[in-house]
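Chemist: For reference, the structure I am asking about is given below.
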Amino acid sequence: MEERSFSDISYEKFLNEERLMGSRCKGCGTQYVPPRSICVDCYGSEMEWIEMKGRGRLAAFTCINIPPPFMIAQGYNRKNPYCTGVVELEEGARVDARIEGVDCAKPEDIKVGMPLKVKYLHREEGEKSETYLAFEPA
Ligand SMILES: [Zn+2]
């Protein structure tokens, strides 16, 4: 694999390629998604890339009623809230992501522990394309 630094820029580049990548500490094995270049567990700086399978479980979630401007542009508002959450990946790391395919009008139907799979949301803005990490019920 080509050399990429363990940064948010690399992480976003991989997302654009529809790959969910994290870093793993060679010293203690702790995994980080997005990647970190220094391990907060053992302060080691020897990291390697690992590719996540993109499956996990919902660990926590919130329904957002007051979205940021680009989300308002996508049609989200107080009457149409969207869900964000923390996903515990099969590999063990936890990652923040949008949760799609759930109904914030019925938050009682959104269950902590429900199985999820990755979904890449691409957004075009002029010549720039960005990808957002999302998960949906598996
Ligand atoms: Zn470590």
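Take any residue in the sequence shown, note its place counting from 1, add 74, and you have its number in the working numbering.
Where is the CB? At the ideal position from N, CA and C, for every residue including glycine.
Note that the structure is a prediction, hence the values are computed from the model and not measured.
Keeping to the same chain, check which residues put their C-beta closer than 6 Å to that of D82; ignore five residues upstream and five downstream.
Modeler: P108
Chemist: On a CA-only basis, which of V192, E198, T205 is nearest A212? Give me that one, please.
Modeler: The shortest C-alpha separation from A212 is found at V192.
Chemist: Say yes only if the C-beta of E103 is nearer than 8 Å to one or more non-hydrogen atoms of ligand 1, and no if none qualify.
Modeler: Just to set this straight, residue 103 is Gly in the shown sequence, not Glu. Under cutoff, so the answer is yes.
Chemist: When the Cα atoms are used, what is the spatial distance from F88 to M95?
Modeler: 7 Å
Chemist: Name the residue from D115, V114, I124 whose alpha carbon lies nearest to the alpha carbon of R78.
Modeler: I124
Chemist: N90 by DSSP, collapsed to three states: which one?
Modeler: helix
Chemist: Tell me, please, whether the region 109-116 touches the region 137-157 by the rule of three or more beta-carbon pairs shorter than 8 Å.
Modeler: no
Chemist: Can you grab the Cα-Cα spacing for the pair I140 / C157, in whole Å?
Modeler: 11 Å
Chemist: Checking 9 Å against the spacing of the C-beta atoms, do V169 and L132 come in under that value?
Modeler: The criterion of a C-beta distance shorter than 9 Å is not satisfied by V169 and L132.
Chemist: Ends of the alpha helix (DSSP H) at A147?
Modeler: 143-147
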